[in-house]
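Below: one structure, written as structure tokens.
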Amino acid sequence: MHILLIEDDAVMAAHMADLLAGRGYQTTVVADGAQGLARAAAEEWDLIVGDRLLPGLEGLDVIERLRALEVATPILVVSALGLAGDRVHGLERGADDYLAKPFADDEFLARVHALLRRARPGPHPEVLLVGDIEIRVKARTVHRGGRHVSLSPKEFELLRCLAEHAGRFVPRALLLERVWKLRFDPQTNVVDVHVSRLRGKIDEGFARSAIRSARGEGYMLATEET
């Protein structure tokens, strides 16, 4: 497997590359954001690992541009900016996971393995159909009633998670863990904010709301039976 490593700290880049090589992964290291964006967009990678504070182009800008180009490669952010707000912001911009520096080597490798395992083809269907909503997982496109619905990466993952549990309420804690890879925090409203945005997009032009909520139970993508 080939991993793109975008890191301007030569010592840190060498350390991560050594860790990955020890597990049999091939790595390519680039030291600035603009070059990282170009390489990530032009070539096939199994995983991208990137810092936030990069010369040339900030790391989250790199991620956002890649997602706008519909590059779906898993991305792990490794950054000294490790507060809860920093992690949430990184995940909202399109990262799949976020690890604060300094980190334990075993945790870094575990995060890498988890993202690579999640990205492997599995038995999940490529198309999810719930009522008049069609979700094409590989293409990352959504249509309702034949109309294209443009979603952000996190909105897409949120809708996908709800669709995989269609007709059942999904607890906020599960959505937070599945979509943002965060443990439940009763003080955060990130799930509710994103559901509100998703509703605004998915329900536009339709009389029937696709997403229902219940206090203490979470959110549900309604089926024709529910």
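So for the sequence shown, the working numbering puts the first residue at 902; every next one is plus one. Built from N, CA and C at the ideal position, the CB exists for glycine as well. Values in this document were obtained by computation on a predicted structure and should not be read as measured data.
From the listed residues VAL979, GLU1065, GLY1046, the smallest Cα separation to SER1110 is found for GLY1046.
According to the DSSP assignment, ALA1001 belongs to the beta strand (DSSP E) that extends over 998-1001.
Taking a cut-off of 8 angstroms on C-beta distances, the segment 1029-1042 touches the segment 1060-1067, as three or more cross pairs fall below it.
For GLU1056, the enclosing alpha helix (DSSP H) covers residues 1054-1065.
Between the C-alpha atoms of PRO956 and ARG966 there is a straight-line separation of about 16 angstroms.
For SER980, the number of other beta carbons within 10 angstroms of its own is at least 16, and it is reported as buried.
MET913 sits in a helix when the DSSP states are folded into three classes. Per DSSP, reduced to three states, the secondary structure at GLU993 is helical.
Approximately 6 angstroms separates the beta-carbon atoms of LEU905 and ARG940; this is inside 8 angstroms, confirming the contact. For VAL989, same chain residues with a beta-carbon under 8 angstroms away, outside a window of 5 residues either side, are TRP1081, LEU1083, THR1089, VAL1091 in chain order.
The criterion of a C-beta distance shorter than 8 angstroms is satisfied by ALA1067 and LEU1122. Secondary structure at ARG1098: helix, using DSSP grouped into helix, strand and coil.
Residue nearest to GLU1056 within the set LYS1102, ARG1018, HIS903, TYR999 is LYS1102 (criterion: CA-CA distance).
Excluding its 5 nearest sequence neighbours in each direction, GLU1035 has C-beta neighbours in its own chain below 8 angstroms: VAL1028, LEU1029, VAL1043, HIS1044, ARG1045, listed in chain order.
If you draw a straight line from the Cα of HIS903 to the Cα of PHE1107, it is about 44 angstroms long. In the three-state reduction of the DSSP assignment, GLU1105 falls in the coil class, being assigned neither a helical nor a strand state.
Between the alpha carbons of VAL1071 and ALA1011 lies a gap of roughly 27 angstroms. Non-local beta-carbon contacts of LYS1002 in its own chain, meaning distances under 8 angstroms to residues more than five positions away in sequence, involve MET913, VAL979, SER980, ALA981, GLY983 in chain order. The beta-carbon distance between ASP962 and ALA932, rounded to whole angstroms, is 16 angstroms. This is too long to meet the 8 angstroms contact definition. Ranking THR928, GLY951, GLU993 by CA distance to the CA of LEU1077 puts GLU993 first.
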